[in-house]
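Numbering (the UniProt record's numbering), first residue to last: 1 to 500.
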Amino acid sequence: MTLFPRSTCSTQLPTGAFSSGTPLFERMRRHTNSLTHLCCLNACSALEHSQITILLLVLRGGAERFDVEALRVVHGQVVAFGLGLDFISSSALISCYSKLGLVDVASCVFCGIEEPDLVLWNAMISGYGTFGDSAKGVELFNAMQNMGIRPDGYTMVGLIMGLSDHSVLRVGESVHGFCVKCGLILNDHACSALVSMYSRCKSMELACKIFDSLLQPDLVSWSALIAGFSLAGDHVKALEFFRELLMDDGKPDPVLLASVLAASAQLAIVGPGCEIHGYAIRHDCNMGVAVSSALIDMYAKCGFLDMGIKVFKNMPKRNIVSYNTVISSFGLYGCAREAFQMFEEVLGEGLKPDETTFAGLLCACCHSGLVNEGWEYFRLMNEFGIQAKTEHHVHMVKLLGMNGKAEEAFDLIKSLPEPVNSSIWGALLSCCDSYKNYELLEVITKHFSETKPKDCGYSVLLSNIFAGDGRWDEVKQLRVDSGRVKGKMPGISWISDINH
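Structure, rendered in structure tokens:
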């Protein structure tokens, strides 16, 4: 299927039929491989200067799917034709290298331009934003202003793109203030970027304020706001805004559908998830891997594992993400044998398991009390080049401790490099409560008194264990210590109304 298009590109471009070859390559972008790229790019030697520039613009649109070597072939032709200082070619190269994660190479291209124009500044600032280097982006933005170049909406979008967590919120607020001062707050692109930035930083009040100022918020703004509420833990609000989007005749994309399905899963309320599933079917939405995997996860967490498995079986195409979702779902239900069978299917399909795969398998072993199998999968991670993380260690400690092997679990913790995550110690603590291992309890108590003296959750658990053993002096001391710190937020429960 791909042989004819490759030969077509190779023949059309050298013979001067650039108007035929380039649209063909553009149509092939989503279904090409490195050989296709090189067949097209090797034909560059017969192109004129303007045609090389146009080809660069075509490449920029799909750079993230391209081979680095293929891009270097184009770059070499650009230099050979003397287009290295051409603004259009340079901006396209900067965008391509940035999308491939080669921001240092993009920076070298930028620095080679003596007097870059606004488009070039924007391309480089966006490159740093894509790479998540907010400090370099701000530095370049300041240098741009010192050169007397006035930023536009695209400049602000590129700058804001790199501000992705609460630690850079103050910088984001400064950028927001600059937008207001320069009148860019009226720019829809800049406002949408600000909504995304505040949502990523979990500052939902400011995100809503800017969102409300948009006359016609686009899907990006809606998606950012909804995802922001989910990230902040306000899943009900996320679902409410999704309903507003639908009432506003919005057309959610697969990414947004997966996001709201995840919100429904976190609430463990199947009603909204079923409604979203029905909407996706009625409107012939793209039920790709992301949406289908989110549906499986939602049904499993809401107590309808059979429905989740039915969705999985109806998937025309599966990848490691969809398999991981099913394995994790089986793990939550303690269906270890089914999880193991799914893992064998992963290997049979030629897919490479990742850390999430093994987390699901260890969870299944933990809930089923299968110690030997747990050790087997834990050791198997090394064969796949996967380093065990906190989640894997928590499952192993729980598996060992809850099956009368608390000392073995403690040995595992001692083998880990310091500092050991508190959740791993917490897993061992819960095992001591079940098996009344008070010698280990003393060790854990000492650890938490030194590392987490203000953690009320662990103090409450320790207090309950001591009370169960009649050690009231220790209970009294723990309560005195707990009284000096902020109290634990009380839990709540509710009954969902299927009509709301």
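Cβ atoms here follow ideal geometry from the backbone N, Cα and C, with glycine treated the same way.
Since we're looking at a predicted model, the values are computed, not measured.
Cβ-based neighbour list, residue i, same chain, cut-off 7 Å, excluding 5 preceding and 5 following
{"i": "Phe242", "result": "Ile226 and Val260"}
{"i": "Cys108", "result": "none"}
{"i": "Leu41", "result": "Its pLDDT being 48, under 50, Leu41 is placed unreliably in this model, and the value from its coordinates should be taken loosely. Hits under 7 Å: Ala70, Val73 and Val74."}
{"i": "Gly162", "result": "Tyr128, Gly129, Gly132, Asp133, Ser134 and Gly137"}
{"i": "Asn403", "result": "Gly369 and Val371"}
{"i": "Leu214", "result": "Asp188, Cys191 and Ser221"}
{"i": "Ala339", "result": "Ile327, Phe330, Gly331, Gly360, Leu361 and Ala364"}
{"i": "Phe110", "result": "Ile94, Pro116, Leu120 and Met124"}
{"i": "Gly250", "result": "Leu219 and Trp222"}
{"i": "Pro217", "result": "Phe211"}
Residue i versus the options, residue with shortest Cα-Cα distance
{"i": "Leu441", "options": "Glu407, His75, Leu120 and Gly177", "result": "Glu407"}
{"i": "Gly153", "options": "Thr130, Ile113, Leu194 and Arg170", "result": "Leu194"}
{"i": "Tyr333", "options": "Ala300, Val346 and Ile320", "result": "Ala300"}
{"i": "Leu428", "options": "Val346, Lys405, Gly177 and Leu305", "result": "Lys405"}
{"i": "Ser415", "options": "Pro353, Ser221 and Val397", "result": "Val397"}
{"i": "Thr357", "options": "Asp234, Ser329 and Gly101", "result": "Ser329"}
{"i": "Pro419", "options": "Glu439, Cys431, Thr390 and Cys432", "result": "Thr390"}
{"i": "Asn180", "options": "Glu338, Asn146 and Pro151", "result": "Reading off the sequence, residue 180 comes out as Val, not Asn. Ranking Glu338, Asn146 and Pro151 by Cα distance to Val180 puts Pro151 first."}
{"i": "Asp234", "options": "Arg282, Ala265 and Arg379", "result": "Ala265"}
{"i": "Gly360", "options": "Asn382, Tyr323 and Ser196", "result": "Tyr323"}
{"i": "Phe178", "options": "Ala207, Lys209 and Gln145", "result": "Gln145"}
{"i": "Glu115", "options": "Leu100, Ser91 and Val105", "result": "Ser91"}
{"i": "Glu205", "options": "Met342, Leu186 and Ala232", "result": "Ala232"}
{"i": "Val119", "options": "Ser95, Met287, Ser423 and His393", "result": "Ser95"}
{"i": "Lys237", "options": "Phe110, Gln216, His392 and Cys208", "result": "Cys208"}
{"i": "Leu256", "options": "Val321, Asp248 and Ile276", "result": "Ile276"}
{"i": "Leu399", "options": "Cys431, Cys285, Ile113 and Gln216", "result": "Cys431"}
Pair within 8 Å by beta-carbon distance, residue i and residue j
{"i": "Asp133", "j": "Val103", "result": "yes"}
{"i": "Ile149", "j": "Trp121", "result": "yes"}
{"i": "Met124", "j": "Leu140", "result": "yes"}
{"i": "Cys201", "j": "Gly172", "result": "yes"}
{"i": "Gly129", "j": "Leu93", "result": "no"}
{"i": "Val270", "j": "Phe229", "result": "no"}
{"i": "Ser126", "j": "Ser164", "result": "no"}
{"i": "Trp425", "j": "Ile444", "result": "yes"}
{"i": "Leu351", "j": "Asn319", "result": "yes"}
{"i": "Ala388", "j": "Gly401", "result": "no"}
{"i": "Ala268", "j": "Ala294", "result": "no"}
{"i": "Ser199", "j": "Ala224", "result": "yes"}
{"i": "Val289", "j": "Ala280", "result": "no"}
{"i": "Ile386", "j": "Glu345", "result": "no"}
{"i": "Leu245", "j": "Pro252", "result": "yes"}
{"i": "Pro353", "j": "Phe378", "result": "no"}
Residues of its chain near residue i, where Cβ-Cβ distance is below 6 Å and the 5 sequence neighbours each way are ignored
{"i": "His395", "result": "Leu362, Cys363 and Cys366"}
{"i": "Asp117", "result": "Phe87"}
{"i": "Leu219", "result": "none"}
{"i": "Leu47", "result": "No answer about Leu47 holds up, because its pLDDT of 47 lies below 50 and its placement is not dependable."}
{"i": "Ser196", "result": "Ala224"}
{"i": "Pro417", "result": "none"}
Residue i Cβ short of 7 Å to the ligand SAH heavy atom set
{"i": "Gly273", "result": "The ligand SAH is not part of the structure shown, which contains no ligands of any sort."}
Cβ-based neighbour list, residue i, same chain, cut-off 8 Å, excluding 5 preceding and 5 following
{"i": "Cys302", "result": "Ser264, Ala265, Ala268, Ile269, Val270 and Gly273"}
{"i": "Val68", "result": "Leu100 and Leu102"}
{"i": "Ala336", "result": "Phe330, Ala364, Cys365, His367, Ser368, Leu370 and Glu373"}
{"i": "residue 526", "result": "Lying outside 1 to 500, the shown extent of the chain, residue 526 is not represented and no answer is given."}
{"i": "Leu184", "result": "Pro151, Asp152, Gly153, Met156, Phe178 and Ala190"}
Open item on the list: My parser needs the alpha helix (DSSP H) runs of 4 or more residues fully inside the stretch 312–352; what are they?
Closed with: The qualifying runs are 320–332 and 336–348.
Task: Inter-stretch contact (C-beta, 8 Å, three-pair minimum) for the stretch 300–319 and the stretch 368–380 - done: Below 8 Å, too few C-beta pairs join the stretch 300–319 and the stretch 368–380 to call them touching: fewer than three.
Task: Length-filtered (4 minimum) alpha helix (DSSP H) runs lying within the stretch 197–285 - done: As far as the stretch 197–285 is concerned, its whole alpha helix (DSSP H) runs of at least 4 residues are 204–213, 219–231, 235–247, 254–267 and 270–282.
Open item on the list: Extract the residue ranges of the alpha helix (DSSP H) inside the UniProt repeat "PPR" (117–151), only unbroken runs of 4 or more that lie entirely within it.
Closed with: Qualifying alpha helix (DSSP H) stretches, in chain order: 118–131 and 134–146.
Task: Within the stretch 378–453, ranges of the alpha helix (DSSP H) (whole runs, at least 4 residues) - done: Whole alpha helix (DSSP H) segments, 4+ residues: 390–401, 406–414, 422–435 and 438–451.
TODO: Within the stretch 282–306, note down every full beta strand (DSSP E) run reaching 3 residues or more, in order along the chain.
DONE: Those beta strand (DSSP E) runs which fall completely within the stretch 282–306 and span 3+ residues do not exist here.
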